[in-house]
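Participant: Got a structure for you, questions after.
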Amino acid sequence: MGGAYWTPPEVTTRRTHGYDFPMWFIRPFFAKETTANKAKSKVTPVKKAKVSKGKKILLVAGHGKGAYSNDPGAVANGYNERDFNRKNIIPRVKKYLESVGHTVLLYGGNSMNQDLYQDTLYGQRVGNYTDYGLYWVKKNVKPDVIVEFHLDAASPQASGGHVIISDKYPADDIDKALSSALGKTVGKIRGVTPRNDLLNANVTGQLNLNYRLIELGFITSKTDMEYITTHLDSFTKRLAEAINGRQINAPKSKPTQAKTTWNWGGTFYPNTTIKVRKSPGINGTVVESGSWLYDKDDWVKFDQVIKKDGYWWIRFKYQAPGSSKKYFYCAVCKITDKQQKIKSEKYWGSIKWK
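For the sequence shown, position 251 (counting from the first letter as 1) is numbered 260 according to my numbering, and the numbering increases by one without interruption.
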């Protein structure tokens with residue numbers, strides 16, 4: 010029976026309206042929208058924080074401490090792979106990448122004392138796919154780019170580096186740029202190489218992590234190691250530029266100030282009246298006239314020459330017993346030589362150089 014059991018049933022009704030003449034319709038007045046009104050009604054947009062253009066880059070040093078060993082990697086020519094890359098390569102690459110705004114993380118922290126391979130392998134063997142090696146990286150670091158650094162080993166004749174990637178994805182711009190950087194520096198033994206038999210390459214492929222392993226050259230090659238050690242800065246800068254995707258300009262050095270002071274000594278014999286000052290330059294305080302230089306008998310031994318205010322000045326101490334032990338200054342000539350060499354000038358007296 011529904012609600013009609015308690016209330017009157019719903020019925021359709023027809024309503025009509027009658028209007029008695031005269032009828033006036035009143036429309037409320039609304040002010041016209043003005044430019045001012047529009048401006049007031051708009052909400053001021055909140056400025057968005059600037060997003061860093063840099064990437065989060067994880068640099069990995071191959072080999073090292075893990076669950077199974079402290080693996081030195083390849084050893085030859087007085088180096089081991091583990092320590093060489095940690096000491097010489099990765100810190101430099103990190104510095105260059107950070108100089109252009111990237112966030113650079115090191116696997117194992119600043120000491121890089123962990124082996125990504127062993128950590129990942131351990132995670133697999135104990136069935137923990139969240140807390141070890143690349144599984145931990147995927148969960149906690151979430152890097153945009155991963156680069157793992159190694160040195161190859163073979164016969165002493167083998168030379169050149171190469172880049173290894175997972176066979177699940179094609180080479181990207183970073184892979185190709187790193188390969189090109191090797192070709193222009195230490196040389197490369199082959200191009201970018203997809204692999205399916207390396208643990209880290211396989212796992213990063215499964216986890217969809219942007220990863221590559223770079224063999225910088227052969228530690229067993231004297232030629233490769235001599236090149237790398239001789240060109241550490243330029244070599245690592247090339248690698249950083251490949252990861253960055255463009256050239257990294259070195260920080261602009263401050264313009265070198267022209268040299269104005271030389272620690273040259275000698276004895277000056279004046280032949281005319283010369284004022285003595287407490288500091289070099291025409292604005293230096295002049296001492297009382299009794300301490301000025303007048304003729305060759307007022308000779309002074311100097312230990313420094315200064316170029317200032319268009320004159321050459323000397324620094325000296327008075328030789329007479331009881332004289333002040335402070336330094337004083339006097340001009341010995343105007344600067345007229347085109348090359349501004351004091352020994353080519355005409356002095357107000359003579360100089361006997363030491």
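Where is the CB? At the ideal position from N, CA and C, for every residue including glycine. These numbers were taken from a predicted model, which means no experiment stands behind them.
Between which residues of its own chain and ILE283 is the CB-CB distance below 7 Å, once the five residues before and five after are set aside?
Facilitator: Cβ neighbours of ILE283 beyond the five flanking positions: TRP301, LEU302, CYS339, ALA340, TRP357.
Participant: Please name the residue, chosen from GLY170, ALA210, ASP206, LEU207, that lies closest to ILE198 on a Cα-to-Cα basis.
Facilitator: Per the Cα distances, GLY170.
Participant: What does the Cβ neighbour count give for GLU297, buried or exposed, with the cut at 16 atoms within 10 Å?
Facilitator: When all chains shown are included, GLU297 counts as exposed.
Participant: For TRP362 and ILE344, I'd like the C-alpha separation in whole angstroms.
Facilitator: Distance between the alpha carbons of TRP362 and ILE344: 18 Å.
Participant: Please state whether DSSP places LEU241 in a helix, a strand or coil.
Facilitator: It is helical.
Participant: Excluding sequence positions up to five away, which residues of its chain have a Cβ less than 6 Å from the Cβ of LYS65?
Facilitator: Around LYS65: THR112, PRO152, ASP153.
Participant: Which residues does DSSP list as the beta-bridge partners of ARG199?
Facilitator: Answer is none; ARG199 lacks a bridge partner.
Participant: Contact between the region 321 to 333 and the region 272 to 290 is defined here as three or more beta-carbon pairs at a separation below 8 Å; is this criterion met?
Facilitator: Yes, the region 321 to 333 touches the region 272 to 290.
Participant: Where do the ends of the alpha helix (DSSP H) carrying GLY214 lie?
Facilitator: From DSSP, the alpha helix (DSSP H) with GLY214 extends over 208 to 216.
Participant: DSSP state of GLU235, grouped into three classes?
Facilitator: Here GLU235 sits in helix by DSSP.
Participant: Spatial neighbours of SER230 within its chain, please: CB distance less than 7 Å, with the 5 preceding and 5 following residues excluded, ordered by chain position.
Facilitator: Cβ neighbours of SER230 beyond the five flanking positions: PRO165, ALA167, SER168.
Participant: Under 8 Å, with one C-beta from each stretch per pair, do the region 242 to 262 and the region 176 to 194 reach the 3-pair mark?
Facilitator: Segments in contact, yes.
Participant: Among the candidates ASP161, GLY71, ILE155, ALA76, whose CA atom is the shortest distance from the CA of ALA85?
Facilitator: The option with the nearest alpha carbon to ALA85 is ASP161.
Participant: Would the beta-carbon of VAL172 fall within 9 Å of that of GLY200?
Facilitator: Yes. Within cutoff.
Participant: Output the boundary residues of the alpha helix (DSSP H) element that contains SER186.
Facilitator: According to the sequence as given, residue 186 is Ala; it is not Ser. Start and end: 182 to 192.
Participant: Once you ignore the five residues that flank ILE351 on each side, which residues in its own chain have a CB closer than 7 Å to its CB?
Facilitator: Contacts found: VAL314, TRP321.
Participant: Taking only runs that begin and end inside the region 55 to 118, name each unbroken beta strand (DSSP E) of 3 or more residues, in chain order.
Facilitator: Counting only runs of 3 or more, we get 65 to 70, 112 to 115.
Participant: Going by beta carbon distance, what residues of the same chain come within less than 8 Å of TYR336, once the five residues before and after it are set aside?
Facilitator: The residues are ARG324, PHE325, LYS326.
Participant: Where DSSP assigns a beta bridge to ALA340, which residues make up the other side?
Facilitator: In DSSP, ALA340 forms a bridge with TRP322.
Participant: If you count every other CB in all the chains shown that lies within 10 Å of the CB of GLU235, and 16 or more means buried, which is it?
Facilitator: Exposed is the call here.
Participant: Using a 10 Å radius around the Cβ and a threshold of 16 neighbouring Cβ atoms, would you call GLN127 buried or exposed?
Facilitator: Counting Cβ neighbours within 10 Å, GLN127 comes out buried, since at least 16 surround it.
Participant: Report all residues from its chain with a CB closer than 8 Å to the CB of GLY274; omit the five preceding and five following residues, and keep chain order.
Facilitator: Counting only Cβ-Cβ distances below 8 Å, and skipping sequence neighbours, we find LYS310, PHE311, ASP312, GLN313, TRP362, LYS363.
Participant: Would you list, in sequence order, the uninterrupted beta strand (DSSP E) runs of no fewer than 3 residues that lie entirely inside the region 120 to 167?
Facilitator: Fully enclosed beta strand (DSSP E) runs of 3 or longer: 154 to 161.
Participant: CA-CA distance, THR139 and LYS147?
Facilitator: So the alpha carbons of these two residues sit roughly 8 Å apart.
Participant: Between the alpha carbons of ASN280 and GLN348, how many angstroms are there, rounded?
Facilitator: So the two alpha carbons sit approximately 25 Å from each other.
Participant: Just how far apart, CA to CA, sit SER120 and VAL195?
Facilitator: Their Cα atoms are separated by approximately 27 Å.
Participant: Between the beta-carbon of PRO81 and the beta-carbon of ARG91, is there less than 9 Å?
Facilitator: For PRO81 and ARG91, yes; Cβs fall inside 9 Å.
Participant: Across which residues does DSSP place TRP362 in a beta bridge pair?
Facilitator: For TRP362, which the question treats as bridged, DSSP gives the partners GLY275.
Participant: My output table needs one value for ALA13: the three-state DSSP class, helix, strand or coil.
Facilitator: For ALA13, the pLDDT reaches just 41, beneath the cut-off of 50, and the residue's location in the model is therefore unreliable, although a value from the coordinates is still provided. If DSSP states are grouped into helix, strand and coil, ALA13 belongs with the helices.
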